[in-house]
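Novice:
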Amino acid sequence: MSVAVQALAWLGRGGHALGAEVAGILALLRRSTTALRRMEGREALRQAYELGNRSLFFVLVIMSFTGAIMVVQACVQAQRIIGDLTVIGPGFLQLCVREFGPTIVALMIAARYGAGIAAELGAMQITEQVDALRLCGADAPSFLVAPRVVGGLIGMLPVAILGSATAFISGGVAARYAFGVGWENYLRLTLVEYGDVVVGVAKAVSYGIAVPLVSSYAGLNARGGAPGVGRATTYAVIGSSVGVLFLDLVVGG
373 MSVAVQALAW
383 LGRGGHALGA
393 EVAGILALLR
403 RSTTALRRME
413 GREALRQAYE
423 LGNRSLFFVL
433 VIMSFTGAIM
443 VVQACVQAQR
453 IIGDLTVIGP
463 GFLQLCVREF
473 GPTIVALMIA
483 ARYGAGIAAE
493 LGAMQITEQV
503 DALRLCGADA
513 PSFLVAPRVV
523 GGLIGMLPVA
533 ILGSATAFIS
543 GGVAARYAFG
553 VGWENYLRLT
563 LVEYGDVVVG
573 VAKAVSYGIA
583 VPLVSSYAGL
593 NARGGAPGVG
603 RATTYAVIGS
613 SVGVLFLDLV
623 VGG
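Residue numbers for the sequence shown follow our numbering, so the first one is 373 and each next one is one higher.
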């Protein structure tokens, strides 16, 4: 068998496996949507707290450093190319609102919150607690998945807003003290349009659904004891991150 045929066979198997995974995730989304009426609201709020409050410090610290680094590099390049730093603030604000803020925050949430969901549900699956719930008449999507998806939907947008604001402010501090950019120039809103805000909100909402959904799917399909939980956690982080980047492209990249 030639190398080309082997490569095509490998791509075919990979495409088939990817299609099966996507179909499984969409089926779980459909089942979770129909289970919203039976969902426990208190658990959804607890999940929103888990995503929001318990991830907030981690997100703000990372976004503050990332925002400062990006603005410093942008100032260096702007000085070399155009010699004008007054466009740094408006340009970076548009980037934070439309692209950088929601997407980077979602990737961090996937690493922290998504991994936690996969580990928790994976352990329940391995120890047959999910099967016990089914035997008791409880529906896994309504009891386990729907609260996490709704919690992600509630919690992602505020965290994305705070993360974006932190990155923008830290970038302004870096621009002010490293390059002398005045706040009156940095805080201008000349490049931000209504459409940028709509796209940023739409991305944050879609990420809030995708991360817990993919992570729940990974956890509920864990197999093979403790190593299976580890594989599910890895799958959750990678799958959620890929989903975030795909949605970033689709929604308004």
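All residues carry an ideal CB built from backbone N, CA and C; glycine is no exception.
1. Between which two residues does the alpha helix (DSSP H) containing THR605 stretch?
2. Are ALA395 and ALA490 closer than 8 Å when you measure CB to CB?
3. Expressed to the nearest angstrom, what Euclidean distance is found between the alpha-carbon atoms of THR605 and LEU423?
4. Give a yes or no on contact between the region 562-573 and the region 585-599, applying the rule of three or more CB pairs nearer than 8 Å.
5. What residues in its chain sit with their C-beta under 6 Å from that of ALA532, if we drop five residues either side in the sequence?
6. Could you tell me how far apart the beta carbons of LEU465 and VAL553 are, in whole angstroms, since I believe they sit closer than 8 Å?
7. Considering only residues of the same chain and omitting the five flanking positions on each side of ARG357, which have a CB-CB separation below 7 Å?
8. Whether or not the region 402-421 and the region 436-443 are in contact is what I'm after, with contact meaning three or more pairs of Cβ atoms, one per stretch, closer than 8 Å; do they touch?
9. Excluding the five sequence neighbours on either side, which residues of its own chain have a C-beta within less than 6 Å of the C-beta of ILE526, listed in chain order?
10. If I measure Cβ to Cβ from ALA495 and keep anything under 6 Å in the same chain, skipping five residues before and after, which residues do I get?
11. How about ALA483 and VAL609: do their beta carbons lie closer than 8 Å?
12. Identify whether MET411 lies in helix, strand or coil by the three-state DSSP scheme.
Specialist: A quick look at the data gives this:
1. 597-624
2. no
3. 16 Å
4. no
5. GLY473, PRO474, VAL477 and ALA576
6. LEU465 to VAL553, Cβ: 13 Å. No contact.
7. Residue 357 is absent from the model: the chain starts at 373 and stops at 625.
8. no
9. ALA420
10. VAL601
11. yes
12. coil
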